[in-house]
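S.K.:
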Amino acid sequence: MRKSEIEDMLMNFSYKGEFPSDAQNSFVTFYREYSKYLYKVVFEAKKKYTFLRDDIIDDIVNNTFLKIYENPLLFQIDDSHTDIITDARFKAYLATIAKNNLKDLLKIEIKENHLKIIDDEEQIFNPPEIEIEENVELSQMRTILDEVLNSFKERDKAILLTLYEFYEEGKNTPSETLDWLCKVHNTTRDNIKAIKSRCTKKIIEHFNSKLGNANTISK
464 MRKSEIEDML
474 MNFSYKGEFP
484 SDAQNSFVTF
494 YREYSKYLYK
504 VVFEAKKKYT
514 FLRDDIIDDI
524 VNNTFLKIYE
534 NPLLFQIDDS
544 HTDIITDARF
554 KAYLATIAKN
564 NLKDLLKIEI
574 KENHLKIIDD
584 EEQIFNPPEI
594 EIEENVELSQ
604 MRTILDEVLN
614 SFKERDKAIL
624 LTLYEFYEEG
634 KNTPSETLDW
644 LCKVHNTTRD
654 NIKAIKSRCT
664 KKIIEHFNSK
674 LGNANTISK
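Going letter by letter, the sequence shown gives residues 464 to 682 in our numbering.
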């Protein structure tokens, strides 16, 4: 994301009480832009500890989004930095929060199950102390998103998630990605476009029906 987009997004989060619709729209964009990156970070950090349950990755990613949504202004934007540097710093900040949360969960898991002792913790995790606070609203939004995604046909869901993974602001989906989707799902580009449009409309409608007119999400 560009520096101005990150700044606007964080500002919308900070005014979520006064302008919930803007905050919710920004959250959808936030998740779409950074979820793929965060999942990769957490997966790589977690894979050494095979005794941890796999779905802990989802918990950590969600906690990271929650942290930003609840305390958006903890990340400071430097006016002298370019878009690329700001985006890289923001990704590093997200990774720090995620790894710190994983470290805490790892300690709890080991303490409760007496599985092993961390002898190289500082080598793998060295983030500052950051608390993860619970936010009911963000948890609700994640639940709503899961509800509508799980209502789609498996093929439609797989296509939509792949399109979101390769989404870049202002750019079309890579041609090789579309060709791969067509081959794997035995379909056409026109049909993929129709699936994306239909699913996106359903996501927006589902959010609006669950959150009410006061918090209407638009395309």
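Don't be surprised by glycine CBs; every beta carbon is placed ideally from N, CA and C. None of these values were measured; they are calculated from a predicted model.
In whole angstroms, give me the CA-to-CA distance for Thr549 and Glu468.
M.R.: 10 Å
S.K.: For Leu623 versus Cys662, is the C-beta distance shorter than 8 Å?
M.R.: Yes. Within cutoff.
S.K.: In terms of alpha-carbon separation, which member of Phe670, Leu674 and Val505 lies closest to Leu568?
M.R.: Comparing Cα-Cα distances from Leu568 to each of Phe670, Leu674 and Val505, the minimum goes to Val505.
S.K.: Does the ligand COA have even one heavy atom less than 7 Å from the beta-carbon of Ala558?
M.R.: Looking for the ligand COA in the displayed structure turns up nothing, as the structure carries no ligands at all.
S.K.: Are there 16 or more other CB atoms within 10 angstroms of the CB of Asp619, so buried, or fewer, so exposed?
M.R.: Counting the other Cβ atoms within 10 Å of the Cβ of Asp619 gives 16 or more, which makes it buried.
S.K.: Contact between the stretch 547-563 and the stretch 492-504 is defined here as three or more beta-carbon pairs at a separation below 8 Å; is this criterion met?
M.R.: Yes: at least three Cβ pairs fall under 8 Å.
S.K.: Could you tell me if Thr513 is buried or exposed, where buried requires 16 or more neighbouring beta carbons within 10 angstroms of its beta carbon?
M.R.: exposed
S.K.: State the CB to CB distance for the pair Ile540 and Val611, rounded to an integer number of angstroms; the pair is presumed to be in contact (CB under 8 Å).
M.R.: Their Cβ separation, rounded to whole angstroms, is 32 Å, which puts Ile540 and Val611 out of contact at 8 Å.
S.K.: Note the first and the last residue of the continuous alpha helix (DSSP H) segment covering Leu473.
M.R.: Lys466 to Ser477
S.K.: Quick check on the DSSP output: what are the complete beta strand (DSSP E) runs of length 3 or more inside the stretch 543-575, in order along the chain?
M.R.: none
S.K.: Smallest Cα separation from Ala406: which of Thr527, Phe538 and Pro535?
M.R.: Absent from the model: residue 406. The displayed extent of the chain is 464 to 682, so no value can be given.
S.K.: Within its chain, find whatever has a CB closer than 7 Å to the CB of Tyr627; leave out the 5 residues flanking it on each side and keep chain order.
M.R.: Arg495, listed in sequence order.
S.K.: Which of the three DSSP states is assigned to Ser498 in this structure?
M.R.: It is helical.
S.K.: Rounded to a whole number of angstroms, what is the C-alpha to C-alpha distance between Ser543 and Trp643?
M.R.: 41 Å
S.K.: Which residue's Cα is closest to the Cα of Met604: Lys466, Phe493 and Ser477?
M.R.: Taking only the C-alpha atoms, the option nearest Met604 is Phe493.
S.K.: Who are the near neighbours of His669 in its chain, counting only those whose CB is closer than 6 Å to its CB and skipping five residues on each side?
M.R.: Val611
S.K.: Determine the DSSP secondary structure at Lys634, reduced to helix, strand or coil.
M.R.: coil
S.K.: Given Asp518, which residues of its chain have a CB within under 8 Å of its CB, disregarding the five upstream and five downstream residues?
M.R.: none
S.K.: According to DSSP, is Arg516 helix, strand or coil?
M.R.: coil
S.K.: Given this structure, state the Cα-to-Cα distance separating Asn635 from Phe490, to the nearest angstrom.
M.R.: 22 Å
S.K.: With DSSP collapsed to three states, give me the class of Thr651.
M.R.: coil
S.K.: Less than 7 Å between C-beta atoms, sequence neighbours within five positions excluded: which residues of the same chain meet that for Asn525?
M.R.: Arg605
S.K.: Check this for me: beta carbons of Leu416 and Ile655, under 8 Å apart or not?
M.R.: One cannot answer for residue 416 here, as it falls past the ends of the chain, which runs 464 to 682.
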